[in-house]
Amino acid sequence: MNKDVQAPVLSNVLLILADYTSHSLKDSAELKDLVLSDLVSDSLSVLEIIYELEEKYKVTISANNFKNLRTISDLVFALDEELKSAA
């Protein structure tokens with residue numbers, strides 16, 4: 014993953030995710046492996062988070078990437094891939 018893109022994308026993911034969870038989300042390496050569905054109350058919230066990020070970055074996460082979204086790291090990677098494709 015491109016570290017130049019990864020850091021700001023991760024920060025934005027955590028910022029948006031914080032609105033949907035009561036978990037403490039300090040920007041750290043361990044956070045990236047947390048499962049999205051464990052952090053939010055339901056799958057609709059996960060979809061809302063993804064939608065907010067797509068709107069923020071003006072990208073659409075492809076169906077292929079979307080089905081693999083399990084962890085915060087997966088989401089950051091998918092956004093990174095879409096940003097590279099859009100560039």
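Just so we're on the same page, the numbering used here is the position in the sequence shown counted from 1, plus 13. Here a beta-carbon is modelled for each residue, glycine too, at the ideal position from N, C-alpha and C.
Taking just the CA atoms, how far does residue j sit from residue i?
| i | j | result |
| --- | --- | --- |
| Leu49 | Val72 | 20 Å |
| Ser74 | Glu95 | The amino acid at residue 74 is misidentified as Ser; the sequence shows Ile. The alpha-carbon atoms of Ile74 and Glu95 are separated by roughly 6 Å. |
| Leu60 | Phe79 | 10 Å |
| Glu67 | Ile29 | 12 Å |
| Gln19 | Tyr33 | 21 Å |
Please state whether DSSP places residue i in a helix, a strand or coil.
| i | result |
| --- | --- |
| Val72 | coil |
| Val53 | coil |
| Phe79 | helix |
Considering residue i, what are the terminal residues of the alpha helix (DSSP H) in which it resides?
| i | result |
| --- | --- |
| Ala100 | Unbroken run through Ala100: none, as it is neither H nor E. |
With respect to 7 Å, is the separation between the Cβ of residue i and the closest non-hydrogen atom of the ligand ADP below this value?
| i | result |
| --- | --- |
| Lys97 | Absence of the ligand ADP from the depicted structure is noted, as is the absence of any ligand whatsoever, leaving it without description. |
Here's the rule: buried if 16 or more other CB atoms are within 10 angstroms of the residue's CB, otherwise exposed. What is residue i?
| i | result |
| --- | --- |
| Lys39 | exposed |
| Ala99 | exposed |
| Ala31 | exposed |
| Leu57 | exposed |
Just to check my reading of the structure: residue i and residue j have Cβ atoms closer than 8 Å, yes? What is that Cβ distance to the nearest angstrom?
| i | j | result |
| --- | --- | --- |
| Leu92 | Tyr70 | 6 Å |
With 8 Å as the threshold, decide whether the Cβ of residue i is near any Cβ in chain D.
| i | result |
| --- | --- |
| Thr34 | Protein chains in the displayed structure number just one, and chain D is not present. |
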